[in-house]
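Here is the structure we will look at.
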Amino acid sequence: MNLSAAAHPGFLSPTGVEITFVLIGLATLGAALLTVTTRQLVHAALWLVVALGGLAVEYLLLTAEFIAWVQVLIYVGSVVVLLLFGLMLTKAPIGRSPDADSENRLVALGVALAAAAALVWVVVDAFRTTWVDLHGVAQGSSHATGESLFRHWVLPFEALSVLLLAALVGAIVLSRRDAGSPGGATTGAGSPADSATGKEQS
Amino acid sequence: MSASVLGGTQLAATTENLSFFGNDVWWLILLKAVFCFAFAMLTVLFSIVWERKVVAWMQLRIGPNRHGPWGMLQSLADGVKLMLKEDITVKRADKVVFILAPIVAAIPAFMAFAVVPFGPADNEVSIFGQRTALQLTDLPIGLLYILATASVGIYGIVLAGWSSGSTYPLLGGLRASAQMISYEIAMGLSFAAVFLYSGSMSTSTIVGAQHNRWYVILLPVSFLVYICTMIGETNRAPFDMPESEGDLVGGFNTEYSSIKFALFMLAEYVNMVTVSAVATTIFLGGWRAPWPISTFWEGANHGWWPMLWFVVKVQLLLFFFIWLRGTLPRVRYDQLMKLGWKVLIPISMVWLMLVAAVRAMRNEGYDFSKIVLYIAGAVLVLLLISLLADLLRDREDKKKPGEGGLLAPPDRFDPMAGGYPVPPLPGQQVQRVPRRPSRAEPQLVGASGQDAPEQEKQEDGDA
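Just so you know, the sequences run in chain order A and B. So that you can map any letter, position 196 of the first sequence is 196 in full-length UniProt numbering, and since no number is skipped, the others follow by simple counting. So that you can map any letter, position 229 of the second sequence is 229 in full-length UniProt numbering, and since no number is skipped, the others follow by simple counting.
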């Protein structure tokens with residue numbers, strides 16, 4: 001890989017890569033802004049797709065192709081599709097929704113700026129003294145990512161999966177029908193089937 | 001120790017293989033890209049005619065036979081006809097998304113072809129004096145790329161259903177999104193077993209790792225799961241609920257006409273070709289010659305010949321698609337979801353665990369018979385547990401007959417149960433509505449009476 005990369009410089013010069021990185025970053029920022037400002041519900045979800053896709057392109061430009069395609073697969077391909085699915089189950093209207101504005105714009109702006117500042121500060125502080133060895137193993141490959149994820153960062157990884165489990169249990173609790181309701185069929189004969197029917201009905 | 005050495009050589013082989021890619025001249029890359037596009041298009045044109053012919057033979061008809069020899073140009077004629085039709089944009093539609101949806105559906109379908117290998121990876125073929133591999137590019141994570149493009153393709157269908165501003169397309173889009181997301185999970189799990197065995201996610205390395213035995217023999221369960229999920233992913237019969245013409249008029253593409261509709265059809269068929277090509281690549285040995293040929297003919301796996309084997313395998317898989325469509329009736333939606341979540345995903349999970357266990361034991365240096373013993377033991381224990389669970393569940397059911405009776409539908413049929421008009425449940429009888437006696441006077445058929453023709457005329461006038 002490294003040999004071929006050295007032999008073949010690629011289509012973009014280093015400066016070209018940086019310029020593209022900045023341009024796509026701006027486009028991603030614009031799409032993110034449109035996500036929170038547009039009055040059309042489904043369009044907001046679609047702008048979110050553009051923003052997440054822009055992030056994937058940024059990862060590609062940083063040669064982290066594993067992360068990039070996983071970003072497309074998980075966020076663009078699953079999370080936002082589920083979001084759209086939820087929107088359509090509630091009869092997502094075509095056109096503007098007048099009640100899409102919660103009139104908390106200033107508060108939201110403040111929270112967003114504070115979160116961004118905290119994230120930037122944490123990342124800058126954490127990696128200020130870290131040097132990336134460009135001539136060693138490729139850093140963005142699946143091999144390197146897997147090694148660092150399952151060797152150095154196993155605990156946060158597992159903690160995240162517990163978070164997902166909590167979300168799953170929460171969804172089941174929410175979609176479960178009341179045991180006391182007259183039509184409730186929660187006899188314990190098959191709880192997965194019950195939760196499934198509950199989901200279909202909700 | 002031996003395992004680490006093995007892993008090291010495998011990794012070295014991977015890097016070596018992949019270093020061949022990305023070194024082509026620009027016109028060669030362009031040529032390969034055009035070839036991938038043309039291959040997909042031609043296969044689609046052919047497979048539409050073939051589908052209609054095969055289904056016709058299965059139903060003892062003749063099939064298309066007017067355009068070209070044996071009707072081979074039928075799909076070309078269909079395409080031209082669709083282009084010349086009026087392009088309607090529905091008034092209540094969301095215009096931008098309505099136009100964008102067919103494009104979003106069609107483009108990702110073609111993209112997956114970029115990483116499909118048509119031939120060996122070590123620059124065996126010479127095109128205009130340039131030695132190159134018969135593959136557009138090879139990513140180290142090629143199969144993830146294929147999964148990602150497939151998941152982007154869902155958007156076309158979902159957005160088409162939503163943006164039409166009409167009920168049936170919306171229902172079709174909903175069905176499509178739920179179906180494709182749930183089948184994608186099982187598909188990813190079936191890929192994972194292949195990753196474990198080949199030690200790589202790049203398509204060329206996976207084909208290279210099958211030189212001894214195809215993965216369809218080594219990982220039969222993964223192959224079966226993939227076959228099920230690939231039919232679900234492409235919305236083909238018997239899993240074609242998103243476009244079932246019986247209950248949804250046409251599903252997500254009801255409001256589409258002309259070239260936009262053609263793009264949806266194109267996307268569906270290109271997706272068929274793509275998933276067949278992927279199945280060929282990861283399970284059926286890719287461009288490798290089938291077994292008896294490769295034993296007596298050394299050159300079968302070199303030069304341009306691999307392309308022939310690849311095309312033959314893809315066509316056989318396409319025939320399998322058509323065969324299924326001609327044979328099986330459409331399943332119900334809850335059956336589809338049950339198959340996806342309660343059968344395919346658990347089976348592929350357990351299978352993945354088994355494969356991982358075998359791999360780990362081989363890495364630890366156990367010999368083959370011991371591995372077989374352990375795995376057979378594990379399978380037996382699993383079977384025993386499931387049998388016991390089944391028995392216990394049966395007993396519980398027998399203990400509470402009253403609850404089963406509660407769940408059973410009441411004998412009397414209430415046509416407005418729950419406030420909505422509902423059909424009768426199984427076991428319920430619809431009460432017969434007494435028929436109103438006919439108001440017309442009974443008359444004899446034929447020319448016995450003189451007034452009969454006059455009455456008919458009057459009725460015509462009324463109508």
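Quick reminder that beta carbons are idealized off the backbone N, C-alpha and C, glycines included.
If you draw a straight line from the Cα of B:Gln335 to the Cα of B:Tyr226, it comes to about 18 Å. Cβ proximity to chain A below 7 Å picks out Leu139, Pro140, Ile141, Leu144, Tyr145, Leu147, Ala148, Ser151 and Val152 from the segment 133-152 of chain B. The continuous alpha helix (DSSP H) containing B:Ile347 extends over residues Ile345 to Glu364. Listed in chain order, the beta strand (DSSP E) elements of length 3 or more contained wholly in the segment 274-300 of chain B amount to none. When beta bridges are read from the DSSP output, B:Val125 appears opposite B:Thr132.
One alpha carbon belongs to B:Val350, the other to B:Gly340, and they sit about 15 Å apart. Take B:Lys85, set aside five residues on each side of it, and the residues of its chain with a beta-carbon closer than 7 Å to its own are Ser257 and Ser258, in chain order. For B:Ala440, the secondary structure class from DSSP, reduced to helix, strand or coil, is coil. Those residues of the segment 44-74 of chain A placed with their C-beta closer than 8 Å to a C-beta in chain B are Leu46, Val49, Glu65, Phe66, Trp69, Val70, Val72 and Leu73, ordered along the chain. Inclusion of B:Phe252 and B:Gly172 in the CB contact set at 7 Å is warranted, their separation being smaller than that value.
Look at the beta carbons and you see the segment 39-54 of chain A not touching the segment 116-134 of chain B: under three pairs across the two are nearer than 8 Å. At least 7 Å separates the CB of B:Ile88 from every CB of chain A. Contact between B:Lys32 and B:Leu136 holds, with the beta-carbon distance rounding to 5 Å and staying under 8 Å.
Among the CB atoms of chain B, one or more fall inside 7 Å of the CB of A:Leu84.
At the C-beta level, B:Val115 and B:Thr203 come within 7 Å of one another. In this chain, the alpha helix (DSSP H) harbouring A:Ser148 covers Ser142 to Arg151. Taking C-beta atoms as the reference points, A:Ala92 and A:Gln71 fail to come closer than 7 Å.
A:Leu48 is positioned such that its CB atom lies closer than 7 Å to that of A:Thr35.
A:Gly77 belongs to the set of residues whose beta carbon lies under 7 Å from a beta carbon in chain B.
Among the residues of chain A, those whose CB is under 7 Å from the CB of B:Ala178 are Phe85, following chain order. Residue range Trp305 to Thr327 is occupied by the alpha helix (DSSP H) that includes B:Trp323. A direct Cα-Cα distance of roughly 10 Å separates A:Ala126 from A:Leu119.
Judged by beta-carbon spacing, B:Val194 lies within the 7 Å limit of B:Ile282, meaning their Cβ atoms are closer than that value. A Cβ-Cβ separation of about 18 Å leaves B:Thr254 out of contact with B:Tyr333 under the 8 Å criterion. Taking a contact as a CB-CB distance under 8 Å, the pair B:Met272 and B:Leu318 counts as one, their CB atoms being some 6 Å apart.
A distance of 7 Å or more separates the beta carbons of B:Ile141 and A:Ser161. Across the structure, B:Ile146 and B:Ala112 are spaced so that their CA atoms are roughly 5 Å apart.
Across the structure, B:Asp247 and B:Pro329 are spaced so that their CA atoms are roughly 14 Å apart. Put simply, the segment 59-66 of chain B does not touch the segment 288-305 of chain B. Fewer than three CB pairs are less than 8 Å apart.
Interface criterion not met: the Cβ of B:Leu84 is under 7 Å from no Cβ in chain A.
Linking B:Met201 to B:Trp305 through their CA atoms gives a straight-line distance of about 25 Å.
Not a single CB atom of chain B sits nearer than 7 Å to the CB of A:Val154.
A:Ser142 has a beta carbon lying within less than 7 Å of a beta carbon in chain B. CA-to-CA, the gap between B:Gly232 and B:Ala357 works out to about 29 Å.
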